[in-house]
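See below for the structure under consideration.
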Amino acid sequence: MPRKIIHLDLDAFFCSVEERRKPDLRGKAFAVGGTPESRGVVSSCSYAARQKGVRSAMPMAKALRLCPGLLIVDPDHKAYSAASHQVMERLHQVTPLLEQISIDEAFLDVSDLPEEAETIARRLQEQVRSELGLPCSLGIASNKLVAKIATDKGKADALKGGQYTGGPPNAITVVPPGHEAEFLAPLPAIALWGIGPKTAARLAADGLLTIGDLARCSHSELAKRFGKNGVEIAQHARGIDDRPVETSHEIKSVSREVTFAKNVSDPQFLHRTLRELADDVGRSLRKEGLAGSTVKLKLRWSDFTTLTRQVTLPQPANLDDTVYAAASELFNKAWQPRQPVRLIGVGVSGFEKPVQQLSLWDSTPEKQKQQEKTRRLQNAVDALHDKYGGKILKRGTKH
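Heads up: the sequence shown begins at 49 in the numbering used here, then just goes up one per residue.
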């Protein structure tokens with residue numbers, strides 16, 4: 049029997065949460081994000097702003113040029129996380145086969161439920177709207193790929209010129225089993241997972257404009273074009289996708305980064321920022337019960353050139369000092385004095401479960417004793433952060 053997969057996407061999620069908190073924003077052109085002075089970008093924008101050409105990830109300065117009256121709202125990620133949690137709680141009440149793929153998107157596998165998937169989807173849409181005040185659009189199909197594309201197409205169709213009423217799309221799009229390839233065929237090739245703008249441009253130059261054009265290509269031809277991904281793209285172009293709804297995901301890395309409002313070349317400030325990022329990464333690792341053997345540094349210069357450097361530790365680590373020491377060493381090798389920095393980031397990967405002795409650069413008894421003392425102190429600091437928040441303690445500076 050065909051599976052019944054529902055994809056749910058919260059419409060303009062950040063903006064919808066802001067409208068719920070501040071009803072006077074409804075119907076107005078506004079964007080959630082940073083200010084032009086801080087080189088901010090648009091995280092989310094209302095549908096009234098989208099009519100003026102404003103889009104997510106656009107520099108806020110450009111958004112203001114397109115829409116001079118645009119209102120800018122500071123993001124409140126704590127509120128967005130709380131709202132997302134409320135939505136996911138309601139989805140979990142429908143089925144445990146839930147895969148959350150972002151803060152505002154999820155797949156549900158309702159194959160084992162007796163009701164039609166469309167009936168479940170309409171009830172979910174109404175529940176999220178009436179109980180939480182949040183609009184959402186849904187796609188229904190026999191697999192994740194087509195359900196996701198169905199959501200996207202439904203939203204796009206709802207927002208088309210003459211049909212658009214000014215509000216969120218609130219779309220529900222159903223692709224009946226057996227009609228997957230037919231549904232995908234007229235859509236542009238870029239709508240398919242794995243096809244980006246550059247690849248789509250190359251395909252267009254060869255006359256391959258739609259997903260249907262790709263579906264008519266042989267597996268061997270697509271393998272020549274896309275290498276090992278060619279077979280998967282050939283399957284997807286025909287509407288075939290056997291991937292299950294994953295109820296859990298393995299964490300591959302933990303990272304934090306910051307983009308400065310103005311380029312920074314002060315070494316003390318840069319190292320202090322590096323320290324704060326390392327502390328945050330270490331705290332997240334310990335909270336997840338993880339330790340990583342690879343520390344990565346990310347730097348972006350004032351000309352937008354970006355580089356990454358990484359080092360492998362002798363043992364998996366999750367202590368702040370160890371993460372900072374490795375990141376600081378990488379930074380000192382990569383950075384030239386007075387070189388302006390636009391962005392700096394720290395990450396850890398290569399995870400293993402924490403071992404008894406973490407981050408020991410050598411195994412002398414004195415070192416082990418010091419590391420154990422550091423670990424106990426770290427646990428105490430974590431407990432304070434959990435109870436009173438991340439800003440309750442600040443590191444002292446050496447003079």
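The beta-carbon is built from N, C-alpha and C at its ideal position, and this holds for glycine as well.
Can you tell me which residues form a DSSP beta bridge with residue i?
i	result
V90	G81
E147	F155
L115	Looking at the sequence shown, residue 115 is not Leu but Cys. Its beta-bridge partners do not exist; DSSP assigns none.
C184	L58
G388	Note that residue 388 is Pro in the sequence shown, not Gly. P388 is not bridged to any residue.
I220	L186
T258	P236
By the three-class DSSP mapping on this structure, what secondary structure does residue i have?
i	result
D59	coil
L345	strand
P245	helix
F352	coil
A309	strand
E163	coil
V359	strand
K52	coil
S104	coil
T295	coil
I168	helix
L193	helix
P123	coil
S407	Low confidence applies here, because S407 scores a pLDDT of 40, under 50, leaving its location unreliable; read the following figure in that light. Looking at S407 - three-state DSSP - the assignment turns out to be coil, as it is neither helix nor strand.
R273	helix
G278	helix
A233	coil
Here's the rule: buried if 16 or more other CB atoms are within 10 angstroms of the residue's CB, otherwise exposed. What is residue i?
i	result
G337	exposed
P216	buried
Q173	buried
K451	Outside the displayed range of the chain (49 to 447) lies residue 451, so it cannot be described from this structure.
K201	buried
D152	buried
K126	exposed
V403	Only weak support is given to the placement of V403: the predicted model assigns it a pLDDT of 45, under 50, and the value that follows is read from those uncertain coordinates. V403 comes out exposed.
Which whole-angstrom value describes the C-beta separation of residue i and residue j, a residue pair presumed to lie in contact below a C-beta threshold of 8 Å?
i	j	result
R138	Q99	The Cβ separation is near 30 Å, so there is no contact.
V90	G81	5 Å
K346	I392	7 Å
D59	S185	6 Å
A229	R286	5 Å
Sufficient close CB pairs (3 or more, under 8 Å) joining the stretch 65-85 to the stretch 115-134
yes
Using 8 Å as the Cβ pair cut-off and three pairs as the minimum, do the stretch 320-332 and the stretch 370-381 touch?
yes
Is it true that the stretch 218-235 meets the stretch 258-276, where meeting means three or more beta-carbon pairs spaced less than 8 Å apart?
yes
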